[in-house]
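Residue numbers (the numbering used here), protein chains in the order written: chain A, 1 to 258; chain B, 259 to 516. By construction, the Cβ of each residue, glycine as well, lies at the ideal position given by its N, Cα and C atoms. Shown next, in C-alpha cells, is the structure this report addresses.
2 protein chains.
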Amino acid sequence: MKQPAKRASQTQKKSRVAKARSRHPLPAATRRERVQSKEDAIIVAAHKSLTARGFTKTTMSEIARKAGVAEGTLYLYFNNKNALARAVLAAFYTRLTDTAKIGVAKCATTTEKLEFLARHHLESIIGERRLLELIASDVRNTEAYEGSDIYKMNREYVAVFDDVLRDGVWRGEIEDGAVQWIKRDIFFGSLEYSMRTLLMKKRSSKKDITAVVTELVKLLMGRADTRTEPVSNRDLIKAVERVDAAASRLERLSEAKT
Amino acid sequence: MKQPAKRASQTQKKSRVAKARSRHPLPAATRRERVQSKEDAIIVAAHKSLTARGFTKTTMSEIARKAGVAEGTLYLYFNNKNALARAVLAAFYTRLTDTAKIGVAKCATTTEKLEFLARHHLESIIGERRLLELIASDVRNTEAYEGSDIYKMNREYVAVFDDVLRDGVWRGEIEDGAVQWIKRDIFFGSLEYSMRTLLMKKRSSKKDITAVVTELVKLLMGRADTRTEPVSNRDLIKAVERVDAAASRLERLSEAKT
DNA sequence: TTTAACGACTGAGTGATATTCATCATATAT
DNA sequence: ATATATGATGAATATCACTCAGTCGTTAAA
C-alpha cells in the first residue's frame, strides 16, 4: 500500500551494476537503476535460499543478509514473504518459457519438439524442485490464483506445448483425439510426478529421464511408429487423414499466395 | 523420547493391550479407551482444520480447541505439528487403499479396473486436496521420506494400481511396453495435475472427470481394442476414395492457377 | 486409612520469525 | 544551502510452534 512497494511487480531489466553498494551507495547510475539492481539482488538472494532450503525454512532475515539489505527493506520491495516468492517464481517462469521457445524452434518434427519440451521441463524442475512447492502449496491455493501474474506466466509457458500439439494435429502427426487440456495435463502431470520418483531413486541417471520422456511422448503421439505390425483399420484411416491434411495445407498455401 | 509421546505411532499393538486387560480387566481397559478416543478426537480435529485451511494456516491452538484439549496435550500424542499431519495423512491413505481394493475387486476387465481406480483417485484428491500439500511440501521433502510410515502406506496404495497393470499385461490386455514405474507415474501424475485444472474451471462437471479418466486409461491401454480389427475391403475402398478426392482438389487448384 | 507414586493433562512461558513503523540518510530540486 | 522526497533501517510487535514446572485424580503400598 505504500508508494515504493508498487515497484515490486516489475520484471526484466538487466542493467547490472556493481554490487559493492551494500553500505554506502556512492557511485552508480541513476536512482532508478540503483533501485532496480537492489530489487534484482533481493530476488537473486531469495532464489538461492528458496531453492536451497525450501519456503518454510527460508527466513526473511536470511534473505536480507544475503542481499545486503536490512530486513525492513525487503518490505519496501515486496508486500510479504509470499509476494517475494512469487517474484522468484515469475523469474523462473520467464527463463523457462524463453528456453522452451528457443529449443522448440530448433526441432523439425513434432516428436522431436515434444521430446525436447518434456526433457527440458523435467530437467528444469529437477534442478529447481523447491520452487514447485510454492506453486503447489502457497501460490496456487491462496486467494484468486486465476488472474494473478503467476497464472498468466504459467499460461504462457504451457502455450508453447499447446502450440506444438495443435501443430502436430494439424500436420496429421498426432491423431485428433481428446480435448487439448487433457493431453496437456497428462504431459505436465506425468513429468512432475516422475520428478519425485527420479529424485528418490538412488541413482537417477540420464537413462531414466530419457525413458520417461520417450515413453510419455510415445503415448501422446499415439504410437505412430508401429511399423512391423499388421495394418489395422485405424492405421489406414490415420494414413489417409495425413494425406488429407497435406492436401489441405497445400490448398491453404496456394490460396494465401493469390 | 518422553514416555507418553511414544504412543504417537498409533498402529496396531493389540497383544500388549490384551495382556494388560486380562490382568486388570476393568480399569486398564477404560483408561486405555479414554486415551485412544482422545487421540482419535485430535486426529479428527486436525483433519478438519487441515482440509479446511491447509497446513500453514492451521494452528496448533486451533486444533486443540476443536479437540477439546489443551495445547500441551497435543504434544503428548504427537511429537510436533508435522507428526500430527502425518497421522492425518496415514488415516487418509488407509481409507484410500481400502476403498480402492474393494472397488477393483468388483470390476471384471482391466479397462474397468483402471477406470475405476482413476475416477476413485481423482474424486478422492479433489475432495481432500489440501492433504496433497502435505505430501508434496512438508512430508516428502523433510528428512528420510523413504522408510517412513507414509512412504510405506503410499507404496501399499500404488501397489493396487501396479497389480492391476501387471495383471493386464499378463492377460494380454495391455501391451508390455515401458517400465512399470513410468506408467505408474503417468497415471498418478496426470490425475493429480488434472485435479488442479478441474478445480480451476468454473463448472467442473462429472463429464470432465469422465473425459480425463477415459482418455488416460485409453492411452495407458495402448488401444489394444482397435488395433486388432482387420481391414475390410469396404474400409480400403473408402480410404482410397479419400486419397482420390484429395488428389482431385490439388488438380483443380493447379488448373485454376494456369 | 494414609500416603506415595504414577499417569494424564494443563497453560503460562520461551524462542523464533514475519511484519510494522518511527526514525534516519541521501540525493535531487529550489 | 536548505528543503523535500525517496530510500533504508532495525528495534518493537504479534503470532505461533513448542516446553516445562506443576496440578489433579487414580492406583498401589504402607
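query, result
"Alpha helix (DSSP H) segment containing B:G426, residue limits", "407-428"
"Cβ pair B:S490, A:D185 closer than 7 Å", "no"
"B:F336 - DSSP class collapsed to helix/strand/coil", "coil"
"Where A:R227 falls: helix, strand or coil (DSSP)", "Its pLDDT being 46, under 50, A:R227 is placed unreliably by the model, and the measurement read from it follows with that caveat. If DSSP states are grouped into helix, strand and coil, A:R227 belongs with coil."
"Amino acids of chain A, ordered along the chain, whose beta-carbon sits closer than 7 Å to that of B:L474", "I186"
"Buried versus exposed, by CB contacts within 10 Å (16 or more), A:I102", "exposed"
"Buried or exposed by the 16-neighbour rule on C-beta atoms within 10 Å, applied to A:K113", "buried"
"The segment 374-391 of chain B contacting the segment 310-323 of chain B, beta-carbon criterion three pairs below 8 Å", "yes"
"Contact set between B:T455 and chain A, taken where Cβ atoms lie within less than 7 Å", "W181, D185"
"Proximity test, Cβ basis, 7 Å: A:A247 and chain B", "yes"
"8 Å CB neighbourhood of B:Y415 in its chain, flanking five on each side removed", "Y351, L354, T355, A358"
"Beta-carbon proximity check, B:I321 vs B:A341, cutoff 7 Å", "no"
"Straight-line gap, B:K364 to B:R387 (C-alpha atoms, nearest Å)", "26 Å"
"Residue range of the alpha helix (DSSP H) that includes A:T110", "110-127"
"Where B:Y451 meets chain A, residues with beta-carbon distance less than 7 Å", "D185, F188, G189, E192"
"Rounded C-alpha distance that separates B:E450 from B:G435", "23 Å"
"Exposure label - B:N412; buried when at least 16 CB within 10 Å", "buried"
"Minimum Cβ-Cβ distance from A:D225 to chain B less than 7 Å", "Note that A:D225 has pLDDT 47, beneath the 50 cutoff, so the model's placement of it is unreliable and the number below is only indicative. Not an interface residue."
"Any C-beta of chain A under 7 Å from that of B:A358", "no"
"First through last residue of the alpha helix (DSSP H) which encompasses B:R437", "The displayed chain sequence assigns Val, not Arg, to residue 437 of chain B. Where B:V437 is concerned, there is no enclosing alpha helix (DSSP H), given that its DSSP letter is neither H nor E."
"CB contact below 7 Å: B:L354 versus chain A", "no"
"Span separating the alpha-carbon of A:A67 from that of A:L74", "9 Å"
"Reduced DSSP secondary structure (H/G/I, E/B, other) of B:T455", "helix"
"Any chain A beta carbon closer than 7 Å to B:K272", "Because B:K272 carries a pLDDT of 28, less than 50, the predicted location of this residue cannot be relied on, and no value is offered for it."
"Candidates B:K459, B:R323, B:W439: closest to B:A417 by CA position", "B:W439"
"Pair within 7 Å by beta-carbon distance, B:T368 and B:E433", "no"
"Contact with chain B by A:L76, beta-carbon distance below 7 Å", "no"
"Delimiting residues of the alpha helix (DSSP H) encompassing B:E473", "464-479"
"Closer than 7 Å to chain A by CB, B:L497", "Per the sequence presented here, residue 497 of chain B reads as Ala, with Leu not at that position. With 7 Å as the cut-off, B:A497 counts as an interface residue toward chain A."
"Whole-angstrom distance between A:M195 and A:A41, CA atom to CA atom", "29 Å"
"Stretch pair the segment 205-217 of chain A + the segment 461-474 of chain B: three plus CB contacts closer than 8 Å", "no"
"Interface residues of chain A facing B:R500 [CB-CB closer than 7 Å]", "V240, D244"
"Closer than 7 Å to chain A by CB, B:L308", "no"
"CB contact check: A:A178 to chain B, cutoff 7 Å", "yes"
"Closer than 7 Å to chain A by CB, B:L508", "yes"
"Three-way DSSP call (helix, strand, coil) for A:K106 in this model", "coil"
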